[in-house]
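In what follows, a structure is listed as structure tokens, so that the remarks can point back to it.
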Amino acid sequence: MLSKKTKYGLKALAYLASQKDQQPVQISEIAKAENISQKFLESILLSLRKSGFLGSKKGKGGGYYLIKDPKEVLMTDVMRILEGPIAMVPCVSLNFYEKCADCPDEATCSVNKLMLMVRDANLEVYRNNTLADLIV
Numbered sequence: 001m002l003s004k005k006t007k008y009g010l011k012a013l014a015y016l017a018s019q020k021d022q023q024p025v026q027i028s029e030i031a032k033a034e035n036i037s038q039k040f041l042e043s044i045l046l047s048l049r050k051s052g053f054l055g056s057k058k059g060k061g062g063g064y065y066l067i068k069d070p071k072e073v074l075m076t077d078v079m080r081i082l083e084g085p086i087a088m089v090p091c092v093s094l095n096f097y098e099k100c101a102d103c104p105d106e107a108t109c110s111v112n113k114l115m116l117m118v119r120d121a122n123l124e125v126y127r128n129n130t131l132a133d134l135i136v
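Below, the structure is given as structure tokens:
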């Protein structure tokens with residue numbers, strides 16, 4: 001299941017991407033528009049800023065803004081920052097691989113085979129969608 005952090009992060013990114021002038025938007029405006037706790041949203045936006053998706057401006061007229069064009073923001077990158085590994089189990093992860101302690105042989109593991117298919121299906125969706133695709 002998608003975490004609230006990821007859900008709210010996607011909503012906030014889509015809100016920022018939908019702004020016509022790409023000027024900084026205050027956290028309070030995003031929180032109100034997307035019905036998100038402002039305190040929780042602050043931590044999400046901070047991690048997105050540290051990851052290079054957002055910029056911020058302090059003071060009057062300040063807030064958060066997208067650094068890249070929404071068409072350049074890949075969902076694979078966003079999901080990995082907000083949600084962590086895309087794979088549901090570590091033995092099929094492309095970037096965070098770990099052998100499962102309870103599995104003697106991945107080649108004959110039925111869970112491994114299923115989770116490879118799930119990972120690949122998710123990657124297919126994420127790789128073929130950008131932030132621009134989420135703008136309503």
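Residue numbers for the sequence shown follow full-length UniProt numbering, beginning at 1 and rising by one. Positions of the beta carbon are idealized from the N, C-alpha and C atoms, including for glycine.
Inset, instruction - Inspect the beta-carbon positions of K11 and E34 and report whether they are closer than 8 angstroms. - result: Numbered from 1 along the sequence shown, position 11 holds the residue referred to as residue 11. Numbered from 1 along the sequence shown, position 34 holds the residue referred to as residue 34. Cβ atoms of K11 and E34: closer than 8 angstroms.
Inset, instruction - Take the Cβ of T130 as the centre, count every other Cβ of all protein chains shown within 10 Å, and call the residue buried at 16 or more, exposed below. - result: Within the sequence shown, residue 130 is the residue found at index 130, counting from 1. The residue in question, T130, is buried, as its Cβ has 16 or more Cβ neighbours within 10 Å.
Inset, instruction - Let me know if M75 comes out buried or exposed under the rule of 16 or more other beta-carbons within 10 Å of its beta-carbon. - result: Stepping through the sequence shown from its first residue, residue 75 is reached at position 75. Answer is buried; the Cβ neighbour count reaches 16.
Legend entry - Proximity to K5 [Cα-Cα], best of F40, E29, A132 and K32: Here residue 5 corresponds to residue number 5 of the sequence shown, with the count starting at 1. Nearest option by C-alpha distance: F40.
Inset, instruction - Output the boundary residues of the beta strand (DSSP E) element that contains S56. - result: Along the sequence shown, one-based indexing puts residue 56 at 56. Counting along the chain, the unbroken beta strand (DSSP E) around S56 starts and ends at L54 to K57.
Inset, instruction - Taking K68 as the reference, give the member of D21, E98 and G52 with the closest Cα. - result: The sequence position of residue 68 within the sequence shown is 68, counting from 1. Ranking the options by Cα distance to K68, first place goes to G52.
Legend entry - Element boundaries [alpha helix (DSSP H), containing residue 138]: With the chain covering 1 to 136 only, the question about residue 138 has no answer from this structure.
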